[in-house]
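Asks: Dumping the structure here so I can ask a few things about it.
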Ligand SMILES: [Zn+2]
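Dropping the structure here:
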């Protein structure tokens, strides 16, 4: 049946038939985020997941794991800075006891202490919602206070230690706030990077 003549005939018939080409798939679904990518892409446009290379999948998950770890550490820095803000707020609130002092400016001092206490409690609360802006504000406020040396005068009122302690304390507080600001910024970046991947 498959003689040379028949084969030639079949070939001729085949040439006359409408030509159906097997099309290659032009799109590829990302296995990680279900985003539709073009076939020739090596990585998902949405999440960066390797589309063809199995070896790179490990690298992908390691990177997410690493980012999650960095974010976890950064969150503890932010939490520490927030706790310090609560402590400053509480310390300033104790300024209310200045009301019993023999000082003709005691009402001014007490109202100033309470106002500042409120400000630091507000910054601490705010840092739950927007850590970067809140901690940056706290940092700027602390720099301003260091400049006018308001803390050392308060410390001198409560302890026997001299103003040197006040300056040292200011530096430590500034350092904690700066660390918190850095950490909050890092958290924002990582959240932006990972938002499609979780
Ligand atoms: Zn993807």
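In the numbering used here, the protein residues as written are 29 to 226.
Even for Gly, the Cβ is constructed at its ideal location relative to N, Cα and C.
Just so you know, these numbers come straight off a predicted model, no measurement behind them.
#1: Go to residue 66, then tell me how far its beta strand (DSSP E) extends in each direction, as first and last residue.
#2: Going by alpha carbons, who is nearest to residue 143 out of 154, 124, 158 and 161?
#3: Look up residue 159 in the DSSP assignment and say whether it is helix, strand or coil.
#4: By alpha-carbon positions, which one of 213, 205 and 175 ends up nearest to residue 195?
#5: Can residue 216 be considered in contact with ligand 1, in the sense that its beta carbon sits closer than 7 Å to one or more heavy atoms?
#6: With DSSP as the reference, label residue 45 as helix, strand or coil.
#7: Measure the beta-carbon distance from residue 219 to residue 160 and round it to whole angstroms, keeping in mind my assumption that it falls under 8 Å.
#8: DSSP state of residue 226, grouped into three classes?
#9: Have a look at residue 117 and residue 147 and give me their C-alpha separation to the nearest angstrom.
Replies: Quick answer:
#1: The residue labelled residue 66 in the question sits at position 38 within the chain shown. Note, residue 66: beta strand (DSSP E), 64-66.
#2: Indexing the chain shown from 1 puts residue 143 at position 115. Nearest option by C-alpha distance: 124.
#3: Reading the chain shown from its first residue, position 131 is the one you call residue 159. Reduced to three states, the DSSP call for residue 159 is helix.
#4: Residue mapping note: residue 195 aligns to position 167 of the chain shown, counting from 1. Ranking the options by Cα distance to residue 195, first place goes to 175.
#5: Numbered from its first residue, the chain shown carries residue 216 at position 188. Distances between the C-beta of residue 216 and the heavy atoms of ligand 1 are all 7 Å or more.
#6: Position 17 of the chain shown, counting from 1, holds the residue named residue 45. Residue 45: coil per DSSP, three-state reduction.
#7: Counting from 1 along the chain shown, the entry for residue 219 is found at position 191. Counting from 1 along the chain shown, the entry for residue 160 is found at position 132. With a Cβ gap of about 11 Å, residue 219 and residue 160 do not count as contacting.
#8: Stepping through the chain shown from its first residue, residue 226 is reached at position 198. Its pLDDT being 44, under 50, residue 226 is placed unreliably by the model, and the measurement read from it follows with that caveat. Coil, per DSSP.
#9: In the chain shown, counting from the first residue as 1, residue 117 sits at position 89. In the chain shown, counting from the first residue as 1, residue 147 sits at position 119. So the two alpha carbons sit approximately 8 Å from each other.
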